[in-house]
Amino acid sequence: MTFLKMLQAFFCSLAFIVLAVLYVGLLLSAALSVLAGFLRTFGLDQIKMSIWYNVDIPVMFSIPLALLVAVFLLFCAIYVKRSIVFCISKLRG
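Note that our numbering has the sequence shown beginning at 72, numbered continuously upward.
Dropping the structure here:
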């Protein structure tokens, strides 16, 4: 195994760990976003949603905003998963 292959395997293994944590975090954040939107809509006043400083979202828009954020996070998670698969293919080959 050449030095360049070993270096590539080292960096791919480091990237795999970082990307795996990022992937799990994105999925968990998407789930929590949807949960927070539903809880805020159905009466939990402790959850605050705002677009900007002192610009709060009306309660009736909590679920659509939460779903929009969740879709964006899942979209990002798809590309992170593609990067994980690429790193795994580089480690195997």
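Ideal Cβ placement from N, Cα and C applies to all residues, glycine included.
Per DSSP, the beta-bridge partners of VAL126 are TRP123. In the three-state reduction of the DSSP assignment, PHE81 falls in the helix class, which pools H, G and I. A straight line joining the alpha-carbon of VAL126 with that of ILE88 spans about 37 Å. Here GLY108 is not near ALA148, since their CB atoms are 7 Å or more apart. About 25 Å separates the CB atoms of CYS83 and LEU145; that is not less than 8 Å, and the two are not in contact. Following the DSSP letters along the chain, one finds ILE159 inside the alpha helix (DSSP H) bounded by residues 133–163. For LEU110, the CB contacts under 7 Å within the same chain, skipping 5 residues up- and downstream, are ILE118 in chain order.
The beta-carbon distance between LEU90 and CYS158, rounded to whole angstroms, is 7 Å. This is short enough to meet the 8 Å contact definition.
If you check the CB distance, SER133 and MET120 come in under 7 Å.
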